Amino acid sequence: MQPHETLGDDDIQGRLREVHDRIRAAAERAQRPPGSVALLAVSKTHGAEAVRAAYAAGHRAFGESYVQEAIEKIALLGDLPDIQWHFIGRIQANKTRQIAAHFDWVHGLSDPAHARRLSEQRPTDLAPLKVCIQVNVSGEITKGGVEPDAVPAMIAACEALPGLEVCGLMTLPAPAEDEDAQRTPFRALRLLRDRLATPSRPLACLSMGMSDDLEAAILEGATLVRVGTAVFGPRPYNVG
Ligand SMILES: *Cc1c(COP(=O)(O)O)cnc(C)c1O
Numbered sequence: 232m233q234p235h236e237t238l239g240d241d242d243i244q245g246r247l248r249e250v251h252d253r254i255r256a257a258a259e260r261a262q263r264p265p266g267s268v269a270l271l272a273v274s275k276t277h278g279a280e281a282v283r284a285a286y287a288a289g290h291r292a293f294g295e296s297y298v299q300e301a302i303e304k305i306a307l308l309g310d311l312p313d314i315q316w317h318f319i320g321r322i323q324a325n326k327t328r329q330i331a332a333h334f335d336w337v338h339g340l341s342d343p344a345h346a347r348r349l350s351e352q353r354p355t356d357l358a359p360l361k362v363c364i365q366v367n368v369s370g371e372i373t374k375g376g377v378e379p380d381a382v383p384a385m386i387a388a389c390e391a392l393p394g395l396e397v398c399g400l401m402t403l404p405a406p407a408e409d410e411d412a413q414r415t416p417f418r419a420l421r422l423l424r425d426r427l428a429t430p431s432r433p434l435a436c437l438s439m440g441m442s443d444d445l446e447a448a449i450l451e452g453a454t455l456v457r458v459g460t461a462v463f464g465p466r467p468y469n470v471g
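Residues in the sequence shown are numbered consecutively from 232, following the working numbering.
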């Protein structure tokens with residue numbers, strides 16, 4: 232393994248620009264407006280200084296996977312107005328209170344019991360927690376997602392909860408070799424969304440695509456790509 236080096240502010244600014252260029256180019260190929268794809272900068276395992284550098288470059292939305300690490304970072308960065316925190320990790324029942332108190336979004340919700348806890352524990356002075364339902368479309372890394380057939384019931388369960396706002400669907404496919412193969416699960420998620428969307432429940436957010444497959448995700452309709460390595464460099468460690 233390469234020794235890890237923390238990237239400097241200029242590096243992070245330059246890498247953010249490159250990622251925005253990739254997003255713009257992919258949106259153009261897909262004949263989609265460049266502003267239709269949001270970038271979530273995944274800062275898990277990187278320090279608060281890295282987040283501060285991205286913030287100074289104009290970035291506002293950050294993704295974290297480990298609750299304890301995230302809570303410490305969020306506290307260190309409490310002086311930054313309009314910063315947005317997205318929980319993208321595996322949810323554990325004993326961590327839902329902290330997630331509900333400190334995050335704006337949760338991607339990867341797949342358990343109705345977790346949904347109920349997050350809603351009950353959402354502080355009433357905060358807006359409802361925005362959630363994306365994680366779907367197990369095909370070849371997933373984790374068994375975490377809801378099976379496609381069970382998604383309507385999961386959405387209905389979440390919609391009944393006052394502390395949650397259902398914003399869309401998320402998926403985390405296994406890495407694939409080429410763009411065509413990468414597109415298959417992303418297309419499946421979009422088609423599922425298109426079938427389940429209604430005027431009153433647009434499921435507008437399609438949270439899909441990471442550093443290595445964001446182009447494929449954008450070609451299939453991603454509205455939010457979750458990008459870590461391409462923004463912050465390789466992760467110094469991998470927990471859980
Ligand atoms: C870590 C992580 C990412 C970012 O992965 P990169 O390959 O570093 O871009 C995206 N989504 C989820 C759910 C993650 O856990």
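The beta-carbon is built from N, C-alpha and C at its ideal position, and this holds for glycine as well.
Values in this document were obtained by computation on a predicted structure and should not be read as measured data.
What does the alpha-carbon distance come out to for the pair residue i and residue j?
i, j, result
"Ala344", "Met385", "10 Å"
"Gln329", "Pro416", "31 Å"
"Ile243", "Cys398", "29 Å"
"Thr276", "Pro465", "10 Å"
"Tyr226", "Ile319", "The chain is shown only over 232 to 471; residue 226 falls outside these bounds and no answer can be derived."
"Gly471", "Asp425", "Note that Gly471 scores a pLDDT of 46, beneath 50, so its modelled location is shaky and nothing firm can be said."
"Ala447", "Gln413", "6 Å"
"Gly266", "Met439", "16 Å"
"Gly339", "Ala261", "26 Å"
"Arg321", "Asp241", "32 Å"
"His333", "Asp310", "14 Å"
"Arg291", "Pro312", "9 Å"
With respect to the alpha helix (DSSP H) encompassing residue i, which residues constitute its N-terminal and C-terminal limits?
i, result
"Phe463", "Thr460 to Phe463"
"Leu238", "No alpha helix (DSSP H) holds Leu238; DSSP gives it neither H nor E."
"Leu392", "Note, Leu392: premise wrong, no alpha helix (DSSP H); not H, not E."
"Leu349", "Pro343 to Gln352"
"Leu307", "Val298 to Leu307"
Quick one: what's residue i bridged to in DSSP?
i, result
"Ser438", "Met401 and Leu455"
"Ala292", "Gln315"
"His251", "BP columns for His251 are empty, so no partner."
"Thr429", "Arg432"
So the beta strand (DSSP E) residue i belongs to, where does it begin and stop?
i, result
"Val282", "First-last for Val282: Ala279 to Ala287, but that is the alpha helix (DSSP H), not the beta strand (DSSP E)."
"Val273", "Ala269 to Val273"
"Gly320", "Looking at the DSSP string, Gly320 is not in any beta strand (DSSP E), and its letter there is neither H nor E."
Should residue i be flagged as near chain D, meaning a C-beta pair shorter than 8 Å?
i, result
"Ile449", "This model lacks chain D altogether, as it is built from one protein chain only."
Is residue i near ligand 1 - that is, is its Cβ less than 7 Å away from at least one heavy atom of it?
i, result
"Arg291", "no"
"Val458", "yes"
"Lys304", "no"
"Lys275", "yes"
"Ala428", "no"
"Ser341", "no"
"Gly320", "yes"
"Met439", "no"
Notebook entry, point to check: Where are the beta strand (DSSP E) runs, 3 residues long or more, that stay fully inside the segment 357-389, in chain order?
Noted result: 360-365
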